[in-house]
Amino acid sequence: MNTVSVTFGSRGSALARWQTDWAITQLKKAWPDLDCRSKTFTTAGDRTLDKPLPEIGGKGLFIAELENALRSGEIDIAVHSLKDLPVENAIGLTLGAIGEREDAHDVLIARDDWTLATLPHGARLGTCSLRRTAQALAIRPDLITLPLRGNVDTRLRKALNGDYDAIVLAAAGVSRLGLGEHISEYLPFDIMLPAPGQAALAVQCRADDLASRALLSALDHAPTRAAVTAERAFLQSLGSGCSAPVAAYAVFSPSPDGGEGWGRLTTLIASLDGQRLIRVSGEGSNPMTLGAQLAQQALVQGAEGLLQ
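Take the sequence shown: its letters are residues 1131 to 1438, numbered as in this note's numbering.
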């Protein structure tokens, strides 16, 4: 192919740069003649670090500048942590690829290698996620949960400096930055179910940019796309934003004959204090249908009251 140039947009954090570099590397493997450039943006979520995300507008604050740059043509491609993307489709944009998912677990990073079970009574747990807070309190109602903002390396430094007794982070982000040595415990899914889309990378472009969409098709991982589609359909069908205490995790296997695959979706909705949990799981071949069906089952069991 003739040399084609594309411009990527990235936030300035180490993790965001890693994610963008990963997408560039994978694209150049598929298209060796591709000329890839990168432009760095500072988002509203990066600038406002003194307040919890739910108070300032949720995770969408990390993507608005990048999406505006896509629409204006300033950049051609943006790479996001999928869990940071609102479930509603962005006007004029599309997910050109969803990369193969990494480990979707959450991890505990704690002083003295404590686990969630062995943390001292009344220990200070750092997280700004209502989902993580609720599930941690369901197991350890004695914990004192405190807000924790900043990039992965900033959060880790706060934990190691003793500002918190422990913090909870996504395993994928810690692993991608080569910081796995600091992990005290991988939290199993029956204790800490992940956010919809956690550990998957979303590669966004303009919906009418057929050239970029063709390039990005080489990065798309169909089983991951099916799994996260089911998770996000569950969240969307609840009418809930990304910051609500909602968790979902799906695994889809492709069909050997090339037809529809088959998947299983496990979900959770919690009260903010973790004292009430609604768990619903099921199987199916259509990710959107499966997510919507489980959402309806959860609502019948009283999820709407918890979401409010």
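For glycine and all other residues, C-beta sits at the position ideal for the given N, C-alpha and C. Please read these numbers as outputs of a predicted model, since none were measured by experiment.
Inset, instruction - Please report how far the alpha carbon of T1284 lies from the alpha carbon of Y1294, in whole angstroms. - result: The residue given as residue 1284 occupies position 154 in the sequence shown. The residue given as residue 1294 occupies position 164 in the sequence shown. Going from the Cα of T1284 to the Cα of Y1294 covers about 13 Å.
Inset, instruction - Could you tell me if D1214 is buried or exposed, where buried requires 16 or more neighbouring beta carbons within 10 angstroms of its beta carbon? - result: Walking along the sequence shown from the start, residue 1214 turns up at place 84. With 16 or more Cβ atoms within 10 Å of its Cβ, D1214 is classed as buried.
Inset, instruction - Quick one: grab the DSSP three-state call for I1269. - result: For the purposes of this step, residue 1269 is taken as residue 139 along the sequence shown, with counting starting at 1. DSSP, reduced to helix, strand and coil, places I1269 within a helical segment of the structure shown.
Legend entry - Inter-residue spacing [alpha-carbon to alpha-carbon] between R1394 and T1133: As a working note, residue 1394 is residue 264 in the sequence shown. As a working note, residue 1133 is residue 3 in the sequence shown. Going by the C-alpha atoms only, they are around 42 Å apart.
Legend entry - Residue burial classification, S1202 (beta-carbon count within 10 angstroms, cutoff 16): Mapped onto the sequence shown, residue 1202 falls at position 72. Exposed, since its Cβ has fewer than 16 Cβ neighbours within 10 Å.
Inset, instruction - State the start and end residues of the unbroken alpha helix (DSSP H) segment that holds S1143. - result: As a first step, residue 1143 must be located in the sequence shown, where it is residue number 13. Annotation for S1143: no alpha helix (DSSP H) segment contains it, and DSSP assigns it neither H nor E.
Inset, instruction - Could you tell me the distance, in whole angstroms, from the CA atom of L1420 to the CA atom of R1167? - result: Locating residue 1420 in the sequence shown gives position 290, where the first residue counts as 1. Locating residue 1167 in the sequence shown gives position 37, where the first residue counts as 1. One alpha carbon belongs to L1420, the other to R1167, and they sit about 39 Å apart.
Legend entry - Cα-Cα separation between W1392 and P1417, rounded to whole angstroms: Against the sequence shown, residue 1392 aligns to sequence position 262. Against the sequence shown, residue 1417 aligns to sequence position 287. In a straight line, the C-alpha of W1392 is about 9 Å away from that of P1417.
Inset, instruction - Would you kindly work out how many angstroms separate the C-alpha atoms of I1154 and P1271, rounded to a whole number? - result: Taking the sequence shown and counting its residues from 1, the one referred to as residue 1154 is at position 24. Taking the sequence shown and counting its residues from 1, the one referred to as residue 1271 is at position 141. Each residue's alpha carbon lies about 44 Å from the other.
Inset, instruction - Go to A1428, then tell me how far its alpha helix (DSSP H) extends in each direction, as first and last residue. - result: Sequence index remark: in the sequence shown, residue 1428 carries index 298 (1-based). Residues P1417 to V1430.
Legend entry - Span separating the alpha-carbon of A1500 from that of L1349: Because residue 1500 is not part of the residues shown, which for the chain are 1131 to 1438, the question remains open.
Inset, instruction - Evaluate the contact criterion for the segment 1232-1242 versus the segment 1304-1320: three or more CB pairs, one atom per stretch, below 8 Å. - result: Touching, per the Cβ criterion.
Inset, instruction - Give me the Cα-Cα distance between D1163 and L1157, rounded to the nearest whole angstrom. - result: The sequence position of residue 1163 within the sequence shown is 33, counting from 1. The sequence position of residue 1157 within the sequence shown is 27, counting from 1. About 10 Å.
Inset, instruction - Quick one: which unbroken alpha helix (DSSP H) runs of 4-plus residues sit fully inside the segment 1290-1339? Chain order, please. - result: Fully enclosed alpha helix (DSSP H) runs of 4 or longer: 1301-1306.
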